[in-house]
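Novice: Under the working numbering, the first residue of the sequence shown carries the number 47, and numbering increases by one thereafter.
Note that beta-carbon positions come from the ideal geometry of N, C-alpha and C, so glycine has one too.
Below is the structure I would like to discuss, written out as structure tokens.
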Amino acid sequence: MPYTTPFRNSRIKLPQGLLFWHEIGEGIPIIFLHGPWNDGSQWTQVMSLIADKFHCFAPDLLGFGTSANPNVHHSISLQVECLNEFVKALDLKRLYLVGDSLGAWIATSYALKYPDHIISLLLLQPEGIKTDKLEPTCSSMRRLANTPSLLFAVFKCLDKRFNPIIRILGWQNKINKYLELHRKFSEYPTACQLLFNRKFREIDSELLGNNLVNLELPCLILQGGQDERENLEKSKTYASMIYQSQLKIITHGTNNLPQNCTGVVAQYILDFFTV
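Printed below as a string of structure tokens:
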């Protein structure tokens, strides 16, 4: 049953900027970190299902949602330090940490730097691992993110005025994909900077790679069975390199597991984290 007490929404001034978060429940604290194309509200449905056993916090990461977007060069290390200031400000001594995608990359980086704060870690479809496709993907996404908005306005106009012809030529899916990516990139510029819209050598320096073997915490990794193959390989890499890890495949899951497989994710949290 969902927790009936309403969510509390709060803000706090940190050295990196103003941070907003959703909060509910009581008990051992859990911090939930959202994925790249979301904010902290991605986790509210899951939180409402477990709030009778845990004190849940879901911040909007710096540069996302209602949190401040300071005029700085965004990086994973900046997010880690902002998270650490958040933990200190709330006086959370020991906690569980959950992250989805980009949030999982930040959560793991935090756990590697501040392991004494973390009881255990739950990661969903984690980013932060180098693959053969990563550099060319970053390059193509960077070009797309920096394409003038006027070109996408032309795409929209063509799609409206010449839709039958576009369908016949087989361009419909490609145009729709580009328009959707442009919408996401425009709405979440900080996600773009963290994932691909900066020099690749800087991204590469923040990838976790062999550092994962130094993570000595219990870790559960959840992966959607219907997700892209490359994402499955990332999750397998995490599981193979973290000694105390388990990998669970949610067979029908695609992406955005917190919202698309809410009940399943909530149950895994209840089962994995010791209450």
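Just mark Leu316 as buried or exposed, buried being the case when its beta carbon has 16 or more other beta carbons within 10 Å.
Specialist: Exposed is the call here.
Novice: Which first and last residues belong to the alpha helix (DSSP H) in which Ala285 is found?
Specialist: It spans 275-287 - the alpha helix (DSSP H) in which Ala285 sits, taken as one unbroken run.
Novice: Pop quiz: Ile253 and Pro161 are said to be a contact at Cβ under 8 Å. What is the actual Cβ separation, rounded to whole angstroms?
Specialist: Before going further, note that residue 253 is Leu rather than Ile in the sequence given. No, Leu253 and Pro161 are not in contact; Cβ-Cβ is about 19 Å, not under 8 Å.
Novice: Can a CB atom of chain B be found closer than 8 Å to the CB of Leu107?
Specialist: The chain labelled as chain B is not found in the depicted structure, where only one protein chain is given.
Novice: For the structure I just gave you, are there three or more beta carbon pairs, one from the segment 260-275 and one from the segment 226-246, closer than 8 Å?
Specialist: no
Novice: For the candidate residues Val311, Ala312, Asn301, Tyr314, whose alpha-carbon lies nearest to that of Trp83?
Specialist: Asn301
Novice: Rank Ile296, Lys223, His101 by C-alpha distance to the C-alpha of Phe319 and give the top, closest one.
Specialist: His101
Novice: What are the start and end residues of the alpha helix (DSSP H) that includes Cys238?
Specialist: 235-241
Novice: Please state the DSSP three-state secondary structure of Lys159.
Specialist: If DSSP states are grouped into helix, strand and coil, Lys159 belongs with the helices.
Novice: Quick check: the Cα distance between Phe208 and Leu225, rounded to an integer number of angstroms?
Specialist: Confidence in Phe208 is poor, its pLDDT being 48 and thus under 50, which makes the residue's placement too unreliable to answer from.
Novice: If you drop the 5 nearest sequence neighbours on each side, which residues of the same chain put their C-beta closer than 6 Å to that of Ile58?
Specialist: Leu65, Ala135
Novice: When you compare only the Cα positions, how much space is there between Cys128 and Leu60?
Specialist: Distance between the alpha carbons of Cys128 and Leu60: 7 Å.
Novice: Look at the alpha carbon of Leu168 and the alpha carbon of Asn256, and state the distance between them as a whole number of angstroms.
Specialist: In this structure, the straight-line span from the alpha carbon of Leu168 to that of Asn256 is close to 19 Å.
Novice: In the DSSP assignment, find the alpha helix (DSSP H) that holds Leu60 and state where it starts and stops.
Specialist: Note, Leu60: premise wrong, no alpha helix (DSSP H); beta strand (DSSP E) at 54-60.
Novice: Does the beta-carbon distance from Val126 to Ile165 come in below 8 Å?
Specialist: Taking 8 Å as the cut-off, the beta carbon of Val126 is found no closer than this to the beta carbon of Ile165.
Novice: Determine the burial state of Gln88: buried for a count of at least 16 other Cβ atoms within 10 Å of its Cβ, exposed for fewer.
Specialist: buried
Novice: Note down, in chain order, each residue of its chain lying with its Cβ closer than 8 Å to the Cβ of Thr177, except the 5 sequence neighbours on either side.
Specialist: Glu276, Glu279, Lys280
Novice: Quick check: the segment 291-308 against the segment 177-189, are there 3 or more CB pairs under 8 Å?
Specialist: no
Novice: State the Cα-Cα distance for the pair Leu141 and Pro182, rounded to the nearest angstrom.
Specialist: 37 Å
Novice: Identify the residues that DSSP records as bridge partners of Phe78: which are they?
Specialist: Val144
Novice: If I measure Cβ to Cβ from Asn306 and keep anything under 7 Å in the same chain, skipping five residues before and after, which residues do I get?
Specialist: Residues of the same chain with a CB within less than 7 Å of the CB of Asn306, apart from the 5 flanking positions on each side, are Gly299, Thr300 in chain order.
Novice: By a C-beta neighbour count over all protein chains shown, 10 Å radius and 16 as the cutoff for buried, is Gly309 buried or exposed?
Specialist: exposed
Novice: What whole-angstrom Cβ distance do Glu69 and Phe103 have, given they're in contact under 8 Å?
Specialist: 5 Å
Novice: If you follow the alpha helix (DSSP H) that Ser113 is in, where does it begin and where does it stop?
Specialist: Unbroken run through Ser113: none, as it is neither H nor E.
Novice: In terms of residues, what are the limits of the alpha helix (DSSP H) holding Gln91?
Specialist: 90-96
Novice: Round the Cβ separation of Thr108 and Leu124 to the nearest angstrom and send it over; I've been treating them as touching at under 8 Å.
Specialist: Thr is not the amino acid found at residue 108; the sequence shown has Leu there. About 7 Å; that satisfies the 8 Å criterion.
Novice: Quick check on Tyr156: buried or exposed, where buried means 16 or more other Cβ atoms within 10 Å of its Cβ?
Specialist: buried
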